Each structure stands twice: as structure tokens, then as C-alpha cells.
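Only one structure is covered here, and it is reproduced in the block below.
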């Protein structure tokens, strides 16, 4: 499916801890599906970015307004374009439920997961990102793996980006 072969896929969140490749995979997936990409990091209030850049984990109170913005963007893009892909950590079930409430019941998640060592190596190599590698452990501690939640596909990030996008695309379009 190329850029011009737009099909209604509904809202999708590419989720996972920092360093899992949400932005890269989300961008590639959105392009492949022909829908807008929403970079969740750009929707954080300045106070959240400053907090994380200082090595301070966000609280739930910090995250709610940000999650609301992500959910609202997903809903608007889906209404206008038949779908959207957002990069958003969505670490807890309560966060995913909040996003479902805003983006709609058809919201699906692609969970990018990997070993701590791989994620840490990726974060250490990144440049110009506000999230320091020191926050990886707090993100891993916050992550609630989906149990008995519908509409979530978990993919190991050790695979190539192309393979990850292909697997996610097959699942989202029902051609798996």
C-alpha cells in the first residue's frame, strides 16, 4: 500500500518506552498507510519537556493534558482523513483507556518492545532529544504490558524497521 492508496484504517498509536522507535516506525507506518503522522512528543507542554530534560519523570497529572491533546488530534485526523498514526508512549492501561475515549473505540495500538540493553543503547546514541537515557528505568517501571486488552499488537524492536512496519501494516489492514 503506497502513499496514494489511502484506505480508512482508523486511529493507531505506536506505543512503547523511550528509545523503542515510536517516531521512526510511526512515520513509516503512516506513510505506508497514507494517513497523517502525529508526533506525540511535539504535543507535550513546555513544562513537561523541561521536567523530562531535567531527568524528572512525569506524573499522571503531567500526562493527562498531553494524552488529551494526542487523543484529540487522532480523532480530528481520523474524522478528516479516515485515520492517523500517533507516536505516544501510552505506558499504562489508564492512559490507553483515556486515548480510546478520545480517539474512539476503533483505536488500535502497536506496542514496540525490546530488551533494556537494546533500548538503552538506542537512547544513548540519540542526539537532540529531550528525554535522557536516565529515565528509561522509570519508563520501564511505569509500563503496564497489555493483558486482555483488545486491539494491541506487540512487536519486538530487534527486527528491522521495514519488517516491523510490514507486520503492523498486515495486522492493521487485515492482510496478515
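Residue numbers (the working numbering): 288 to 463.
We treat Cβ as the ideally placed atom computed from N, Cα and C, and that holds for glycine.
Please read these numbers as outputs of a predicted model, since none were measured by experiment.
Assign residue i to one of two classes, buried (16 or more other C-beta atoms within 10 Å of its C-beta) or exposed (fewer than that).
{"i": "residue 449", "result": "exposed"}
{"i": "residue 328", "result": "buried"}
{"i": "residue 334", "result": "exposed"}
{"i": "residue 403", "result": "exposed"}
{"i": "residue 415", "result": "Bear in mind that a pLDDT of 49 at residue 415, under 50, signals an unreliable position, so the model cannot answer this."}
{"i": "residue 341", "result": "exposed"}
{"i": "residue 305", "result": "buried"}
{"i": "residue 337", "result": "exposed"}
Need the endpoints of the alpha helix (DSSP H) that residue i sits in, please.
{"i": "residue 358", "result": "347 to 368"}
{"i": "residue 436", "result": "Careful: residue 436 lies outside any alpha helix (DSSP H) and carries neither H nor E."}
{"i": "residue 387", "result": "380 to 390"}
{"i": "residue 313", "result": "309 to 320"}
{"i": "residue 452", "result": "448 to 460"}
Go through its chain and collect everything with a Cβ distance to residue i's Cβ below 7 Å, but skip five positions before and after it.
{"i": "residue 354", "result": "382, 385, 386"}
{"i": "residue 443", "result": "400, 401"}
{"i": "residue 359", "result": "389"}
{"i": "residue 445", "result": "401, 405"}
{"i": "residue 425", "result": "344"}
Taking the Cβ atom as the reference point for each residue, do residue i and residue j lie within a distance shorter than 8 Å?
{"i": "residue 405", "j": "residue 438", "result": "no"}
{"i": "residue 374", "j": "residue 313", "result": "yes"}
{"i": "residue 310", "j": "residue 326", "result": "yes"}
{"i": "residue 302", "j": "residue 376", "result": "yes"}
{"i": "residue 299", "j": "residue 372", "result": "yes"}
Keeping to the same chain, check which residues put their C-beta closer than 6 Å to that of residue i; ignore five residues upstream and five downstream.
{"i": "residue 456", "result": "319"}
{"i": "residue 378", "result": "429, 430"}
{"i": "residue 459", "result": "296"}
Go to residue i, then tell me how far its beta strand (DSSP E) extends in each direction, as first and last residue.
{"i": "residue 297", "result": "297 to 302"}
{"i": "residue 343", "result": "First-last for residue 343: undefined, no H or E at that position."}
{"i": "residue 399", "result": "395 to 400"}
Leaving out five residues on either side along the sequence, give the residues of the same chain with a beta carbon under 8 Å from the beta carbon of residue i.
{"i": "residue 433", "result": "380, 383, 396, 398, 439, 441"}
{"i": "residue 297", "result": "365, 369, 370, 391, 393, 394, 395"}
{"i": "residue 330", "result": "353, 356, 357, 360"}
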